[in-house]
Amino acid sequence: MAFYKDNFEKLKKECEINNITLVAVSKIRTEADIIQAYNCGQRDFGENYVQELVAKAESLPKDIRWHFIGHLQTNKVKYIAPFIHLVHGIDNEKLLSELNKQAAKLDKKINCLLQLHIAEEETKFGFSAEEVIALDFSRYPFLNICGLMGMATFTDDKTQIQKEFLVLSELYKTLQKKHTAFTILSMGMSGDYDLAIREGSNMIRVGSLLFGERK
Ligand SMILES: *Cc1c(COP(=O)(O)O)cnc(C)c1O
Numbered sequence: 185m186a187f188y189k190d191n192f193e194k195l196k197k198e199c200e201i202n203n204i205t206l207v208a209v210s211k212i213r214t215e216a217d218i219i220q221a222y223n224c225g226q227r228d229f230g231e232n233y234v235q236e237l238v239a240k241a242e243s244l245p246k247d248i249r250w251h252f253i254g255h256l257q258t259n260k261v262k263y264i265a266p267f268i269h270l271v272h273g274i275d276n277e278k279l280l281s282e283l284n285k286q287a288a289k290l291d292k293k294i295n296c297l298l299q300l301h302i303a304e305e306e307t308k309f310g311f312s313a314e315e316v317i318a319l320d321f322s323r324y325p326f327l328n329i330c331g332l333m334g335m336a337t338f339t340d341d342k343t344q345i346q347k348e349f350l351v352l353s354e355l356y357k358t359l360q361k362k363h364t365a366f367t368i369l370s371m372g373m374s375g376d377y378d379l380a381i382r383e384g385s386n387m388i389r390v391g392s393l394l395f396g397e398r399k
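Laid out in structure tokens, this is it:
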């Protein structure tokens, strides 16, 4: 495990220039790795597993903004609701209801993004464009539904990736006209963040470029 400071500084600068939020994806990384990034000024970190996230949030500095970027199970929402900064992967209405319920219990609003299914793979999660357009946001008064998230197909075909990001970006722009809270378009990872930025992403989720390949 490692932290690639040079990659980080370069990416950080690029993000600052373009007004993009860099989420450092720290799943399966050690707390020591996270602290290295933290000491370089990084505050937004993304995690995929609830148990791991809860443990890290307890022991790491309190000014870290934790992003949940994995596939969230309804029965685990309650564990992250008290402290989560942004939930990226909301992909069904049951999850919206549960998140709204937990937020109501805490008497606060929780920020979340709707995950769109843009990839070819059936295994990836997400709403369809039609579902998101038809969604009644007023049913979730304790949620701040503030944008979209998506993952492109795992492929070397840049044209295809770009096409998928474009679909997401167009939908984001359409929804912005209806929802004033829509300010975040979360797309792009280590392998495709440059394409994502070109298509209008303003939040990228980068792991292996900063911390090395995951085993
Ligand atoms: C793991 C993960 C990332 C980071 O992937 P890298 O290729 O390591 O940058 C980004 N987004 C999601 C949803 C992930 O699960």
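Residue 185 is where the sequence shown starts when you use the numbering used here, and the numbers rise one by one after that. Glycine included, each C-beta is placed from N, C-alpha and C at the ideal position. None of the values given here were measured: they were computed from a predicted structure.
- About 6 Å separates the Cβ atoms of L327 and C296, confirming a contact at the 8 Å cut-off.
- Residue pairing from DSSP leaves T358 without any beta-bridge partner.
- The closest CA to that of E304, considering only H255, L359, K347, R323, is found on K347.
- Between S281 and Y324, the C-beta spacing is below 9 Å.
- Check the Cα spacing between D228 and each of N259, F192, Q257: the tightest is with F192.
- About 10 Å separates the beta carbons of G372 and L352, which is beyond the 8 Å limit, so they are not a contact pair.
- The C-beta of R382 has fewer than 16 other C-beta atoms within 10 Å across all chains shown, which makes the residue exposed.
- Rounded to the nearest whole angstrom, the CA to CA distance from A186 to Q257 is 30 Å.
- C-alpha of G254 to C-alpha of H363: approximately 24 Å in a straight line.
- Exposed is the label assigned to N259, since fewer than 16 other Cβ atoms lie within 10 Å of its Cβ.
- A distance criterion of 8 Å places the beta-carbon of R213 beyond contact range of ligand 1, judged by its closest non-hydrogen atom.
- In this structure L379 touches F349 by the C-beta definition: roughly 6 Å separates them, less than 8 Å.
- In the same chain as F366, and ignoring 5 residues on each side of it, the C-beta atoms closer than 6 Å to its own belong to G331, L359, Q360, in chain order.
- Rounded to the nearest whole angstrom, the C-alpha separation of Q220 and K189 is 9 Å.
- In this structure, DSSP gives I294 an extended state, which the three-state scheme calls strand.
- If you ignore the 5 residues before and after A241, its C-beta comes within less than 7 Å of the C-beta of W250, F267, all in its own chain and listed in chain order.
- The DSSP assignment places 234-243 as complete runs of the alpha helix (DSSP H) inside the segment 225-261, in order along the chain (cut-off: 4 residues).
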